[in-house]
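Visitor:
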Amino acid sequence: HGESPRRCEPEVAGTIMAELGAGVGVAVMVAPSPDEALTLARRAGAARLQLHRVSPETWPSEFPLPCTFAMGVTPEGGIVGTEPASNHLLLLDTSAGRMAGGTGLTWPWAIARDLVARRPVMLAGGLSSDNVTEALRTLHPFGVDASSSLESAPGRKDPERVRRFVEAVRAFDAAPEESS
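In the working numbering, the protein residues as written are 175 to 354.
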């Protein structure tokens, strides 16, 4: 993540993942080369990548780890970037200025309904316990991703915000399907 407050050395990430035990480690990177990404992911013990500011068109098709490619969405709802091949996961995240995500801003979720209807999509961008239920109800995405809205300060997760976010997602998942 370069100078991001969320930057973590690969070995530290690996230690954290080893302590957690269950789960899949995801290495989140901004603009790595394929060689850099693979080296860092292996050092961290990550099983998959989340890539920001990487064109899926230039990524090697034989890359050995599954990838999630972030596509930007402006706060007004314009989708920016190239959609990855269907064997990759797509993450839609708010893009504002030079920020590759982590803006804390939402975007008009309904504009992605057609995209979500035809492929698995992760939803990001300003999600918190206050709005994740509405986002899930609007799009029914494959998954959700939150970071800056769950922090008490840049790079410091707030356990209570994380708990409320997870509770909201679990409550949505457990609720009976709403009829339209």
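Yeah, the Cβ is synthetic: ideal placement off N, Cα and C, and Gly gets one too.
Everything numeric in this text was worked out from a predicted model, so none of it was measured.
Is P238 closer than 9 Å to A212 when the C-beta atoms are compared?
Guide: Taking the first residue of the sequence shown as position 1, residue 212 is located at position 38. Taking the first residue of the sequence shown as position 1, residue 238 is located at position 64. It is worth fixing the name first, because residue 212 is Leu in this sequence and not Ala. For L212 and P238, yes; Cβs fall inside 9 Å.
Visitor: CA-CA distance, F339 and S303?
Guide: Taking the sequence shown and counting its residues from 1, the one referred to as residue 339 is at position 165. Taking the sequence shown and counting its residues from 1, the one referred to as residue 303 is at position 129. Each residue's Cα considered, the two are about 4 Å apart.
Visitor: I need the DSSP call for S235, collapsed to helix, strand or coil.
Guide: In the sequence shown, counting from the first residue as 1, residue 235 sits at position 61. Assigned with DSSP and collapsed to three states, S235 falls in coil, not helix or strand.
Visitor: Assign L263 to one of three DSSP states: helix, strand, or coil.
Guide: Against the sequence shown, residue 263 aligns to sequence position 89. Strand, per DSSP.
Visitor: I want to know whether the region 279 to 287 touches the region 226 to 245 - three or more CB-CB distances under 8 Å.
Guide: no
Visitor: Give me the DSSP bridge partner(s) of V306.
Guide: Sequence index remark: in the sequence shown, residue 306 carries index 132 (1-based). Looking at the DSSP assignment, V306 forms no beta bridge with any residue, so it has no partner.
Visitor: Flag this pair as touching only if the region 187 to 199 and the region 312 to 331 have three or more C-beta atom pairs under 8 Å; answer yes or no.
Guide: In short, these stretches do not touch, since the Cβ pair count stays below three.
Visitor: Can you determine whether any heavy atom of the ligand HEM sits closer than 8 Å to the C-beta of P230, and answer yes or no?
Guide: Among the components of this structure there are no ligands whatsoever, and the ligand HEM is therefore not found.
Visitor: Distance, Cα to Cα, S207 vs N305?
Guide: One-based indexing of the sequence shown puts residue 207 at position 33. One-based indexing of the sequence shown puts residue 305 at position 131. Using only the alpha carbons, I get a separation of about 34 Å.
Visitor: Relative to the C-alpha of S323, which residue among F316, P234, V336 is closest?
Guide: As a first step, residue 323 is located in the sequence shown; it is residue number 149 there, counting from the start. Answer by Cα proximity: V336.
Visitor: Going by CA-CA distance only, name the one from E334, A244, A286, T232 that's closest to G252.
Guide: Start at 1 with the first residue of the sequence shown, and residue 252 comes out as number 78. Nearest C-alpha to G252: A286.
Visitor: Please report the residue range of the alpha helix (DSSP H) in which R335 lies.
Guide: Numbered from 1 along the sequence shown, position 161 holds the residue referred to as residue 335. Taken as a continuous stretch (DSSP letters only), the alpha helix (DSSP H) holding R335 covers 333 to 348.
Visitor: Quick one: what's got a C-beta closer than 7 Å to V295's C-beta in the same chain, skipping five residues either side?
Guide: One-based indexing of the sequence shown puts residue 295 at position 121. Excluding residues within five positions, the ones whose Cβ falls inside 7 Å are L264, L266, A286, L289, P315, F316.
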